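Asker: Below you will find the structure I want to go over with you.
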Amino acid sequence: MACGLKCMAFLIFMSVWGIIFLSILGGLYYNQSVGLFENLPKEDMAACSIKDWDCRKKHLVDLYHQNAYNCWIAAAGYVVIGLLACFRICCLRSRG
Numbered sequence: 000m001a002c003g004l005k006c007m008a009f010l011i012f013m014s015v016w017g018i019i020f021l022s023i024l025g026g027l028y029y030n031q032s033v034g035l036f037e038n039l040p041k042e043d044m045a046a047c048s049i050k051d052w053d054c055r056k057k058h059l060v061d062l063y064h065q066n067a068y069n070c071w072i073a074a075a076g077y078v079v080i081g082l083l084a085c086f087r088i089c090c091l092r093s094r095g
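Numbering that gives the first Met the number 0 puts the first residue of the sequence shown at 0, with every later residue one more than the last.
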């Protein structure tokens, strides 16, 4: 069977790792880590003028927060996959 105990155990392990990694990454984005600045989407220059620093700063903070929310949504996806794998293991064990 393709989805046996070993496969599901590996899937649970990868889900736990993904949850931890993406949660930490989301926290770093939310705290506006300078090291992650290069990974932000390109700044929309039409929204603010180059000299209006307050507008640009607000726009950059919004980009950081959007990336943080995206990381946490992906971590929630890993939670769902991990729960489905746990459910599959329970079904396999009860079956025999």
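The beta carbon of each residue, even a glycine, is placed where N, CA and C say it ideally should be. Computed from a predicted model, the values in this text were never measured in an experiment.
Determine, using beta carbons only, whether residue 163 and residue 17 come nearer to each other than 8 Å.
Answerer: Summary: the structure shown does not reach residue 163, with the chain confined to residues 0 through 95, and so no result is reported for it.
Asker: Please state the DSSP three-state secondary structure of residue 30.
Answerer: Residue 30 falls in the coil class under three-state DSSP.
Asker: Pairs of beta-carbons, one from the region 76-95 and one from the region 35-50, closer than 8 Å: are there three or more?
Answerer: At 8 Å Cβ cutoff, the stretches do not touch.
Asker: Could you give the distance in angstroms between the alpha-carbon of residue 86 and the alpha-carbon of residue 4?
Answerer: Distance between the alpha carbons of residue 86 and residue 4: 11 Å.
Asker: For residue 0, count neighbouring C-beta atoms within 10 Å of its own C-beta (all shown protein chains included) and say buried if the count is 16 or more, exposed if not.
Answerer: With a pLDDT of only 48 at residue 0, under the threshold of 50, the placement of this residue in the model should not be trusted; the figure read from the coordinates follows. That one is exposed.
Asker: Are the beta-carbon atoms of residue 28 and residue 67 separated by less than 8 Å?
Answerer: Contact flag set, yes.
Asker: Figure out for me which residue from 38, 71, 72, 70 has the closest Cα to the Cα of residue 59.
Answerer: For the residues 38, 71, 72, 70, the minimum Cα distance to residue 59 belongs to 38.
Asker: Just to confirm before moving on: does the CB-CB distance between residue 99 and residue 70 stay below 8 Å?
Answerer: With the chain running from 0 to 95 in the structure shown, residue 99 is simply not present.
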